[in-house]
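Novice:
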Amino acid sequence: GAVVSQHPSRVICKSGTSVKIECRSLDFQATTMFWYRQFPKQSLMLMATSNEGSKATYEQGVEKDKFLINHASLTLSTLTVTSAHPEDSSFYICSAREFSGTQETQYFGPGTRLLVL
Amino acid sequence: RKEVEQDPGPFNVPEGATVAFNCTYSNSASQSFFWYRQDCRKEPKLLMSVYSSGNEDGRFTAQLNRASQYISLLIRDSKLSDSATYLCVVNMFGNDYKLSFGAGTTVTVRA
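Read top to bottom, the protein sequences are chains A and B.
Per the working numbering, the very first residue in the first sequence carries number 2; after that it's consecutive.
Per the working numbering, the very first residue in the second sequence carries number 13; after that it's consecutive.
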């Protein structure tokens, strides 16, 4: 299947700092990528839809000024958690959408564990 | 009401047993259905898509009941490696292709 990478895999930072997470589709072009957050023992929650060359679409309750998304190319989307606080500690996962004939599939990156102290 | 609901389990079964569980979805307009598998502290991985007529992939069988708005997953001849959390995922057809995830059903297969 298609491969999606994320970097870094884990990050520990101090409260108030900004953290950038990269999501790359390695062997296909993705006009659309998605960013999710998962807290322990909970389901993945969609944060935003990242569209190449245009502004991201945020889900209700997700602050666009706090979670900055940039999708500058067909293979890269970045999520920046600005002024991170302990409550932002979570597992952040991206996915990229691939079209194959008439079928669409979303492939997930390996996730980034963020711990804000 | 949550968009996708699952019995969290856990389902503890011996090797070789059959285990089955369901998932219900709230939006009758939902078009695509999937089962994903998520291992501890890892990303979800697509296990199988769920088709209207039901489908099978090896030891895994998925069924869709649109009238009652539920999908099911059955695992036959359970292996230790089947231990994971199984996520029910639903998409309401549209250009944005947003997926709604259940919280997962945990399955533990014991020797």
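In this text, a Cβ means the ideal position worked out from N, Cα and C, and glycines have one as well.
Keep in mind it's a predicted model, so treat the numbers as computed, not measured.
Looking at the structure shown, is SER93 (chain B) part of a helix, part of a strand, or coil, going by DSSP?
Specialist: Residue numbering aside, residue 93 (chain B) sits at position 81 when the second sequence is read from its first letter. It is helical.
Novice: Determine the contact status of PRO22 (chain B) and VAL119 (chain B), defining contact as a CB-CB distance below 8 Å.
Specialist: On the second sequence, position 10 is the one that residue 22 (chain B) refers to. On the second sequence, position 107 is the one that residue 119 (chain B) refers to. Yes, these two residues count as a Cβ contact at 8 Å.
Novice: Just checking, does the segment 14–30 of chain A make contact with the segment 89–101 of chain B on the three C-beta pairs under 8 Å criterion?
Specialist: Verdict: no, contact absent.
Novice: With a threshold of 16 other CB atoms inside 10 Å of the CB of CYS35 (chain B), please say whether the residue is buried or exposed.
Specialist: Walking along the second sequence from the start, residue 35 (chain B) turns up at place 23. So CYS35 (chain B) counts as buried.
Novice: Measure the C-alpha to C-alpha separation of ASP89 (chain B) and ALA29 (chain B) and round it to an integer number of angstroms.
Specialist: Along the second sequence, read from residue 1 onward, the residue named residue 89 (chain B) stands at position 77. Along the second sequence, read from residue 1 onward, the residue named residue 29 (chain B) stands at position 17. Whole-angstrom Cα-Cα distance: 5 Å.
Novice: What do you get for ASN103 (chain B), buried or exposed, if any count of 16 or more other CB atoms within 10 angstroms of its CB means buried?
Specialist: On the second sequence, position 91 is the one that residue 103 (chain B) refers to. By the 10 Å Cβ count, ASN103 (chain B) comes out buried.
Novice: Comparing the C-beta of LEU111 (chain B) with each C-beta of chain A, is any distance below 8 Å?
Specialist: Working through the second sequence from its first residue, we reach residue 111 (chain B) at position 99. For LEU111 (chain B), the answer is yes, since a Cβ of chain A falls inside 8 Å of its Cβ.
Novice: Is it the case that the Cβ atoms of LEU92 (chain B) and VAL121 (chain B) are separated by a distance below 8 Å?
Specialist: Numbered from 1 along the second sequence, position 80 holds the residue referred to as residue 92 (chain B). Numbered from 1 along the second sequence, position 109 holds the residue referred to as residue 121 (chain B). Yes, Cβ-Cβ distance for LEU92 (chain B) and VAL121 (chain B) is below 8 Å.
Novice: Does the distance from the C-beta atom of ALA49 (chain A) to that of GLU60 (chain A) stay below 8 Å?
Specialist: Translated into the one-based positions of the first sequence, residue 49 (chain A) becomes position 48. Translated into the one-based positions of the first sequence, residue 60 (chain A) becomes position 59. Contact flag set, yes.
Novice: For chain B, check one thing: does any of its Cβ atoms lie closer than 8 Å to the Cβ of PRO87 (chain A)?
Specialist: Counted from its first residue, the first sequence places residue 87 (chain A) at position 86. No, no contact with chain B.
Novice: So, for GLU15 (chain B): in the same chain, excluding its five sequence neighbours on each side, which residues have a beta-carbon less than 8 Å away from its beta-carbon?
Specialist: As a working note, residue 15 (chain B) is residue 3 in the second sequence. Correct list, in chain order: TYR37, SER38, ASN39, VAL102 and SER112.
Novice: I'd like the span of the beta strand (DSSP E) that includes ASN34 (chain B), first residue to last.
Specialist: Taking the second sequence and counting its residues from 1, the one referred to as residue 34 (chain B) is at position 22. Note, ASN34 (chain B): beta strand (DSSP E), 31–37.
Novice: Would you say GLU17 (chain A) faces chain B, with C-beta separation under 8 Å as the test?
Specialist: In the first sequence, the residue the question calls residue 17 (chain A) occupies position 16. Glu is not the amino acid found at residue 17 (chain A); the sequence shown has Gly there. No, no contact with chain B.
Novice: Going straight from the alpha carbon of SER61 (chain B) to that of SER91 (chain A), what length do you get?
Specialist: Position 49 of the second sequence, counting from 1, holds the residue named residue 61 (chain B). Position 90 of the first sequence, counting from 1, holds the residue named residue 91 (chain A). Near 28 Å, if we compare the C-alpha coordinates of SER91 (chain A) and SER61 (chain B).
Novice: Report yes or no: is there a C-beta of chain A within less than 8 Å of the C-beta of GLN43 (chain B)?
Specialist: Locating residue 43 (chain B) in the second sequence gives position 31, counting from the first residue. It does not: the Cβ of GLN43 (chain B) has no partner Cβ on chain A nearer than 8 Å.
Novice: So which residues of chain A does PRO22 (chain B) contact, with C-beta pairs closer than 8 Å?
Specialist: Residue 22 (chain B) sits at position 10 when you count from the first residue of the second sequence. The premise fails here: PRO22 (chain B) is roughly 11 Å from chain A at the closest Cβ pair, so nothing lies under 8 Å.
Novice: Comparing alpha-carbon positions, which option in A:VAL5, A:VAL4, A:ILE13 and A:ALA73 lies nearest LEU116 (chain A)?
Specialist: Sequence index remark: in the first sequence, residue 116 (chain A) carries index 115 (1-based). Checked all of A:VAL5, A:VAL4, A:ILE13 and A:ALA73; the closest Cα to LEU116 (chain A) is A:ILE13.
Novice: Check distances from the C-beta atoms of the segment 99–113 of chain A to those of chain B and list, in chain order, the residues that come in under 8 Å.
Specialist: If the cut-off is 8 Å between Cβ atoms, the segment 99–113 of chain A has GLU105, THR106, GLN107, TYR108, PHE109, GLY110, PRO111 and GLY112 near chain B.
Novice: For GLN39 (chain A), which option in B:PRO56, B:PHE46 and B:GLN81 has the closest C-alpha, if you only look at C-alpha atoms?
Specialist: Here residue 39 (chain A) corresponds to residue number 38 of the first sequence, with the count starting at 1. Closest by alpha carbon: B:PRO56.
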